[in-house]
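First the structure, in the form of structure tokens, and then the observations on it.
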Amino acid sequence: MEKHQMKKRILVGLITGAALLTLAACGGTNSSSSTSGSDSSKALSGQIISGGSTALQPLVQQASTEFMTKNPNVQITVQGGGSGVGLTQVAAGSFQIGNSDIFAEEKTGIDSSAITDNKVAVVGFAPIVNSKTSVDNLTKQQLIDIFTGKITNWKEVGGSDQKITVIGRTAGSGTRVNFDHFALDKATEVTGPTQDASGSVVTMVGQTPGAISYVAFSYLETSTAVKAISIDGVKPTDANVQTNDWKVWSYEHMYVNTKKATKAEKEFINYVKNDSASLKKLGYISVSDMKVDRDSEGNVTKK
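Per my numbering, the sequence shown starts with residue 2, numbered consecutively.
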């Protein structure tokens with residue numbers, strides 16, 4: 002009888018132990034699955050085409066490489082084409098992010114209510130000349146007269162006897178819109194050779210004696226074959242942009258579709274905006290460092 006009861010107690014103990022082990026195993030599995038599911042839900046994923054402004058392209062290109070390293074399930078393709086292309090394509094849904102040097106309100110045919118603006122940086126624009134040109138400063142009127150074809154030789158502005166070759170930008174360029182507006186007082190540029198990308202402008206000016214054009218500050222350090230020109234004695238520097246003493250500047254915008262923007266797109270834009278080290282290194286200015294604001298109509302107010 003005693004042996005029978007002992008066997009019974011041993012059997013009950015074994016069953017209880019097995020049950021506890023089973024529960025523990027099930028609990029462990031559930032916990033692991035829950036954690037894995039939580040991590041998976043937090044991971045960013047998706048494909049993003051970010052295109053448009055070539056002035057903003059260096060920053061977006063570098064940021065995309067870093068962002069994809071940290072978020073391997075996100076694939077970002079960066080394209081140029083100009084601000085007009087960026088705005089048109091994001092509005093049409095072909096780009097997830099449209100990069101632009103101008104407000105959507107400035108672009109004809111764009112429904113600005115359908116896309117959301119994200120100002121990620123500020124960039125200045127400067128007239129550039131072939132580095133062998135002896136002129137370092139122009140009055141604003143001289144600059145206007147050069148780009149409208151009234152002045153055609155550098156000797157007319159204190160330089161050597163050399164023909165001026167004006168190199169413009171294509172009509173869809175945000176760089177051109179800003180330069181024409183704030184440097185040329187909306188004067189119409191003379192007809193001549195044009196380039197559709199900032200890098201191409203730098204190359205062409207550097208290879209053409211007597212050439213003049215304009216690019217974003219982010220391209221000023223890319224070649225020793227070109228140099229920036231001051232306007233009315235004011236140098237094209239970040240400090241002068243911040244106070245609006247240098248008036249040729251714009252916000253850099255990254256537009257998204259208001260209804261379709263994904264978490265990955267928003268996180269990438271925040272990454273670009275908050276990467277202060279890259280902003281400064283690549284020739285951009287943080288929006289928070291500006292001492293002034295400017296609206297889509299060009300009105301400037303102090304902060």
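For each residue, glycine too, the CB sits at the ideal point set by N, CA and C.
Every unbroken beta strand (DSSP E) inside the stretch 220-267 [3 residues or more]
227-229, 250-258
For P194 and V124, the rounded distance between their alpha carbons
24 Å
First and last residue of the beta strand (DSSP E) that includes K71?
For K71, there is no enclosing beta strand (DSSP E); the residue is found in the alpha helix (DSSP H) stretching over 58-71.
Rounding to the nearest angstrom, what Cα-Cα distance links D233 and N100 in this structure?
31 Å
Residues of its chain near V61, where Cβ-Cβ distance is below 7 Å and the 5 sequence neighbours each way are ignored
S51, V79, N100, V273
How should K292 be labelled, buried or exposed, when 16 other C-beta atoms within 10 angstroms of its C-beta is the threshold for buried?
Burial check for K292: the Cβ neighbour count within 10 Å stays below 16, so the residue is exposed.
Measure from the alpha carbon of D239 to the alpha carbon of each residue in A265, G207, V288, then state which is nearest.
V288
List in chain order: all unbroken alpha helix (DSSP H) runs of 4+ residues lying wholly within the stretch 169-194.
Runs found: 175-183.
Identify the continuous beta strand (DSSP E) that holds G82 and give its terminal residues.
75-82
Can you give, in chain order, each stretch of the beta strand (DSSP E) that sits fully within the stretch 266-297 and has at least 3 residues?
Given a length threshold of 3 residues, each whole run of the beta strand (DSSP E) inside the stretch 266-297 is given here in chain order: 293-295.
Which residue from T244, G81, V235, N245 puts its Cα closest to that of D141?
The question names Asp, but residue 141 in the sequence shown is Lys. Closest by alpha carbon: V235.
Can you list, in chain order, the residues of its chain with a C-beta nearer than 6 Å to that of L185? Leave out the 5 residues immediately preceding and following it.
I145, F148
With distances taken Cα to Cα, identify the nearest neighbour of D102 among S251, S279, S297, N241.
S251
Please state if the CB of H254 and the CB of F68 are separated by a distance shorter than 8 Å.
no
Mark A198 as exposed unless 16 or more other C-beta atoms lie within 10 angstroms of its C-beta, in which case mark it buried.
buried
Quick check: what's the CA-CA separation for I230 versus V249?
12 Å
Rounding to the nearest angstrom, what Cα-Cα distance links Q76 and I168 in this structure?
36 Å
Starting from Q142, trace the alpha helix (DSSP H) both ways and give me its first and last residue.
141-148
Determine the direct distance from the alpha carbon of N131 to that of P73, and round the result to whole angstroms.
42 Å
Separation of S113 from T55, as counted between CA atoms
21 Å
Exposed or buried, P210, counting other C-beta atoms within 10 Å across all chains shown (16 or more means buried)?
exposed
What residue does the alpha helix (DSSP H) around T204 start on, and which one ends it?
Element bounds for T204: 199-208.
Contact under 8 Å by Cβ, G94 with G53
Cβ distance not < 8 Å, so G94 and G53 don't count as in contact.
Report the rounded CA-to-CA distance for G284 versus T225, giving the unit in angstroms.
Computed Cα separation, rounded: 16 Å.
Report the three-state DSSP secondary structure of Q196 (helix, strand or coil).
The answer is strand: DSSP assigns Q196 an E or B state.
Straight-line gap, S98 to A64 (C-alpha atoms, nearest Å):
Residue identity differs from the one stated: residue 98 is Ile in this sequence, not Ser. Cα to Cα, I98 sits roughly 14 Å from A64.
Counting along the chain, where does the beta strand (DSSP E) carrying S101 start and finish?
98-101
DSSP state of M108 mapped onto helix, strand, coil:
The residue asked about is misnamed: residue 108 is Lys in this sequence, not Met. Coil, per DSSP.
Given a threshold of 16 other Cβ atoms within 10 Å of its Cβ, counted over all protein chains shown, does S214 qualify as buried or as exposed?
buried
Reduced DSSP secondary structure (H/G/I, E/B, other) of V136
coil
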